[in-house]
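S.K.: Numbering-wise (the numbering used here), the sequence shown opens with residue 666 and increments by one.
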Amino acid sequence: MGDTVTRELKDFFSKFKLLDYKKKEIILRGDDSLLGVYFLEKGYVKEYSVSQEGKELTFIVYKPGDFFPFAGVFNETPNSHFFQVMTSAKIWRAPKKEFIEFIQDNPSVFLELTNHIVVRLGGLLQRMEHLTFGNAYAKVASIILICAERFGKKKEDKIIIRVPLTHRDIASFLGIARETASVEIKKIERKGLIAYRGGLLIVKNKEGLEQESLLTSP
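(1) What residue range is occupied by the uninterrupted beta strand (DSSP E) comprising Lys-820?
(2) Along the chain, where does the alpha helix (DSSP H) containing Glu-741 start, and where does it finish?
(3) Going by CA-CA distance only, name the one from Ala-860, Tyr-709, Thr-723 and Leu-839 that's closest to Pro-729.
(4) Where does the unbroken alpha helix (DSSP H) through Arg-855 begin, and where does it stop?
(5) Following the continuous beta strand (DSSP E) through Phe-724, name the residue where it begins and the one where it ends.
(6) With 16 other CB atoms within 10 Å as the buried threshold, where does Asp-696 fall?
(7) With a CB to CB cut of under 7 Å and the five nearest residues on each side skipped, what residues in its chain are close to Ala-842?
(8) So what does Gln-749 bridge to, in DSSP terms?
(9) For the alpha helix (DSSP H) that Leu-674 lies in, which residues bound it at each end?
(10) Can you tell me whether DSSP reads Glu-706 as helix, strand or coil?
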């Protein structure tokens, strides 16, 4: 989102309660009632579902400046997903009614939020392609590239993905077994394309990783 809109959102949410969460703490469960709209000030939060067999599928990872959830904010759709903190986090929570009134009074903010949601939907559709096509190796390479684009910080000739991603997290993005993800990640590491340092994933060779993935450079 644009800096101006992010600033307006911060100004609005700062009128309400700032909540502190510890790493891995659950903010919302799949059957919880929606207590309000959340704005992420610091940290990372993942939104996921859990199958009857206990298998996780991650839909979105939120970063500072994002708000959630989408479902239930603009209509009465019940929440069916889990929202869990991936790092320690500071999150503002505003009542749904007051958030709706705020965006109704600020059309530019509403337009930017709508665009933000459309972009997120596009990302989910792209992920669905990766779940359908290609082998596990190409899927893992692709999701690492997507995370590098969304959460990466370029440092010299490398990209540091600032959100901590475990093998289980990567598996959850793709709906594959953690063991399968681990095998494919190790293959990519052995090729010198990525590395783990200090709990963070580093892309050492973006062009090489693109060649292994389902993605192509623009």
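Where is the CB? At the ideal position from N, CA and C, for every residue including glycine.
M.R.: Taking the definition as stated:
(1) 817-820
(2) Per DSSP, Glu-741 belongs to no alpha helix (DSSP H) and is neither H nor E.
(3) Tyr-709
(4) 843-855
(5) 721-727
(6) exposed
(7) Ala-836
(8) Ile-691 and Lys-711
(9) 668-678
(10) strand
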